[in-house]
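Participant: Using the numbering used here, you'd call the opening residue of the sequence shown number 6 and step up by one each time.
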Amino acid sequence: MKIPDKLLETMNAQVTAEHQAALIYTQLAYSLDGLSFPGMSGWMYAQAEEERKHAKMIADHILARGGDVELGTIEIPAMAVKSPLDAFNYSLEHEQKVSEMIRNLARVADEVGDLDSRSLVNWFLSEQIEEEDNVSEIIEQIKLVGEDGSGLLRIDSDLGARNTQAEQTR
């Protein structure tokens, strides 16, 4: 079944947004690396890779249904990262923006009656809840330790270890 034009346009915008998210996470990784937090930087790099996978999932759905994938212009907002808290606040802000885009994707799929997209859209709705929850938890931990260097290094180590475990399971 061909994807209705309005939904195709919204899906293409989401593919672009997922690539934008990957670049934002990459920028945040660079910033955290510059602040000497390699574990947090690695966590951001892993998130960037996940965002690229999300873009591919939507693009594959479009292509499987005979549509054309068309990337839009990608702009990266300026982000003044002076601390890990800054970086994760930017991350949460962007995840909240993406969550609203996914909710809009669901609304458009419903509006045009495209049942074939619902399983994909529902997966993304659940994924965004998880994404926002994960980042919020990290923010709360960073706030809890404040400026305590040993606490920040512990969080950095924990986030770095999580990435190592993920790489070992690939």
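Every residue gets a Cβ at the ideal spot worked out from N, C-alpha and C, and that includes glycine.
#1: To the nearest angstrom, how far is it from the Cα of residue 25 to the Cα of residue 58?
#2: Excluding the five sequence neighbours on either side, which residues of its own chain have a C-beta within less than 6 Å of the C-beta of residue 76, listed in chain order?
#3: With distances taken Cα to Cα, identify the nearest neighbour of residue 139 among 19, 80, 94, 87.
#4: For residue 130 versus residue 111, is the C-beta distance shorter than 8 Å?
#5: For residue 64, I'd like the list of residues in its chain whose CB is within less than 8 Å of its CB, leaving aside the five on either flank, ordered along the chain.
#6: Looking only at its chain, what residues have a beta carbon closer than 6 Å to the beta carbon of residue 143, apart from the 5 residues adjacent to it on each side?
#7: May I ask you to verify whether the region 158 to 167 touches the region 38 to 57, counting CB pairs closer than 8 Å and requiring at least 3?
#8: Quick one: residues in its chain with C-beta nearer than 8 Å to the C-beta of residue 32, no 5 flanking neighbours on either side, listed in chain order?
#9: So what does DSSP say about residue 120, is it helix, strand or coil?
#10: By the three-class DSSP mapping on this structure, what secondary structure does residue 7 have?
#11: If residue 89 and residue 157 are in contact, beta carbons under 8 Å, what's the gap, nearest whole angstrom?
#12: Going by DSSP in three states, residue 156 sits in which element: helix, strand or coil?
#13: In whole angstroms, what is the alpha-carbon distance linking residue 71 and residue 102?
#14: Ordered along the chain, which non-local residues of its own chain (more than five positions away) have a Cβ less than 6 Å from that of residue 13?
#15: Beta-carbon within less than 7 Å of residue 7's beta-carbon, same chain only, minus the 5 sequence neighbours each way: which residues are those?
#16: Beta carbon of residue 2, beta carbon of residue 16: below 8 Å?
Facilitator: Considering the structure as presented:
#1: 12 Å
#2: 21
#3: 94
#4: yes
#5: 20, 74
#6: 93
#7: yes
#8: 81, 84
#9: helix
#10: coil
#11: 6 Å
#12: helix
#13: 28 Å
#14: 72
#15: 70, 71
#16: The structure shown does not extend to residue 2, since the chain is modelled only from 6 to 175, so the question has no answer here.
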